[in-house]
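Residue numbers (full-length UniProt numbering): 1 to 585. Ideal placement from N, C-alpha and C gives every residue a C-beta, glycine not left out. Let me begin by presenting the structure, written as structure tokens, before commenting on it.
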């Protein structure tokens, strides 16, 4: 029997605000001619505009959804309304489900078994390659935009049309695209070719990329020699197009974003830093044979070589209880991407699960903020692995996973528009990448005073300080674990373990030392307090949301906050109140 979800957990699955509103109107027993649950599946027949009712069901073990309505949103309002009634204990328990439900569940189980067999076969092949001498770091493996498979059957955004014309969606993870942190959108992942031989197509691509990056190096030399004052948007656009022609889409994406840097007040320093990082990538690609394997893989992925999803799933597995820290949706080039940040309780590892879909198509909704799942993750290769795929889940769905907070009926509360996207900043020098800038608004820093107020000036933003001298009033610093996965927060349930701002900086420094092109990284800060002073602290990103909600939760006391680090400051994701309830910011 799946543990019953809360109302807010159900609403968190909605693809948009309109679906949330419509679902609440549908969640009325009078609109359903029949409904029931077997403990793992919820199903029902909802009246519609036609003579025949809409058939809706939800497999709670993923979750996965099916409805015969014509809506292209998943989950649709009928599936959400059915879940709302179930969450309110308004759906009767039945011993068995109708045939149309069991056929759908069995078909999903069959697909899941086939996917598992493919993964095991891929792991066996990879083990055989390693035993026979290893695999090259090359340019093969998978096509750009390759669809990644998810845990529990079905490919991402899987839409199958049933006999009644309805569609069902299987939950999965990730289209291959990008690497590291903020560079994921629109940039394919790393590709690897098995064995020592290279195909002719791969050699041709490497030749094109080398020529394109050689031109890029000359262009950068000219820019620095002539000065930055003449930097023009049309030059970047033309260069980006030539890099796409040279089959280096990852570099092209970075160049195309330079126009955003040029529009900022501190653009000269940031533009020079971006030029330096692009030049470093071009040189690293040219000398990739001299690099350690993990760094060479990072370079290839940053340039834009794809990686096969099967190869990722065949890699080493990290099984852990993963805290779902937050998610963010972003629309770009007629695609919608979803970033979900995770942190392992035992391993302390960070992870980013990506999914992509054309606008209007479903995204992976299996990872719900404010839950902890037990799962196997496999990472994309690189010097500082971050992006991962969910290879298998060992819990029985978000409702059965341990939720933050000790109360079984405690709701996860949500702020307004938690899925809205905002652009990552970049650049600003190493100091800016560590969040040392005082002018960047709100921050996480050390506080000597007792004030927790929020200043009205733009450069006075709210900060979060670890108060070593206020233990009696604000709690002892002993409850802050020395590292992720250890200390008082270790285990499953409750507020996730965090680190101090200083320890967070050390972690980010280590990540940048391994992968200097990293643009985002998830952190959990413990024992920090909102305040006006950001001197010596970690400032918030200018595009971050209004911090009033975070300040209200803190009330001047230390809190635990999950954030996304970016070179231009932190983006708060989630905090936890006194009762351990997750509050999405």
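- Counting the other CB atoms within 10 Å of its CB gives residue 569 a total of 16 or more, which places it among the buried residues.
- The straight-line gap separating the alpha-carbon atoms of residue 303 and residue 510 is approximately 22 Å.
- A check of alpha carbon separations from residue 34 across 76, 298, 93 and 61 identifies 93 as the nearest.
- Per DSSP, reduced to three states, the secondary structure at residue 84 is helical.
- Setting aside the 5 residues that flank it on each side, residue 119 is surrounded in the same chain by 313, each with a C-beta closer than 6 Å to its C-beta; the list follows chain order.
- Taking all protein chains in view, the Cβ of residue 115 is crowded by 16 or more other Cβ atoms within 10 Å, so the residue is classified as buried.
- Taking a C-beta distance under 8 Å as the contact criterion, residue 358 and residue 334 qualify as a contact pair.
- Checking the DSSP bridge columns, you'll see residue 356 partnered with 337.
- Closest in alpha carbon position to residue 563, among 369, 325, 394 and 226, is 325.
- The shortest CA-to-CA distance from residue 551 to any of 584, 522 and 390 is the one to 584.
- Burial state of residue 382 is buried, judged by a 10 Å Cβ sphere holding 16 or more other Cβ atoms.
- The three-state secondary structure of residue 323, taken from DSSP, is strand.
- Below 8 Å, enough C-beta pairs join the region 226-246 and the region 209-218 to call them touching: three or more.
- For residue 299, the CB contacts under 8 Å within the same chain, skipping 5 residues up- and downstream, are 281, 284, 285, 288 and 291 in chain order.
- Contact annotation, residue 553 with residue 577: C-beta distance approximately 5 Å; criterion of less than 8 Å satisfied.
- Put simply, the region 29-48 does not touch the region 7-15. Fewer than three CB pairs are less than 8 Å apart.
- Annotation: residue 82 to residue 389 spans about 29 Å, alpha carbon to alpha carbon.
- Between residue 565 and residue 512, the CB-CB gap reaches or exceeds 8 Å.
- Distance between residue 321 and residue 518, taken at the CA atoms: about 25 Å.
- Distance between residue 279 and residue 220, taken at the CA atoms: about 7 Å.
- Separation of the CB atoms of residue 41 and residue 97 is rounded to 6 Å, and the pair is thereby assigned contact status at 8 Å.
- In the three-state DSSP reduction, residue 221 falls in the helix class (H, G or I).
- For the pair residue 305 and residue 507, the Cα-to-Cα distance works out to about 27 Å.
- An exposed status is given to residue 548, since fewer than 16 other beta-carbon atoms sit within 10 Å of its beta-carbon.
- Residue 385 counts as buried, since no fewer than 16 other beta carbons sit within 10 angstroms of its beta carbon.
- Comparing alpha-carbon positions, the option among 121, 328 and 277 lying closest to residue 255 turns out to be 277.
- Around the CB of residue 78, 16 or more other CB atoms lie within 10 Å, so the residue is classed as buried.
- Under the 10 Å beta carbon count, residue 360 is surrounded by fewer than 16 other beta carbons and is classified as exposed.
- DSSP, reduced to helix, strand and coil, places residue 572 within a strand of the structure shown.
- For residue 55, the closest C-alpha among the options 206, 347, 104 and 582 is that of 104.
- With fewer than 16 other Cβ atoms from the protein chains shown falling within 10 Å of its own Cβ, residue 316 counts as exposed.
- When only Cα atoms are considered, residue 251 and residue 217 end up about 12 Å apart.
- Counting the other Cβ atoms within 10 Å of the Cβ of residue 541 gives 16 or more, which makes it buried.
- Boundaries of the alpha helix (DSSP H) around residue 238: 233-245.
- Secondary structure of residue 332 (DSSP, three-state): strand.
- Spatial neighbours of residue 349 in its own chain (CB-CB distance under 7 Å, excluding positions within 5 residues in sequence) are listed in chain order as 318.
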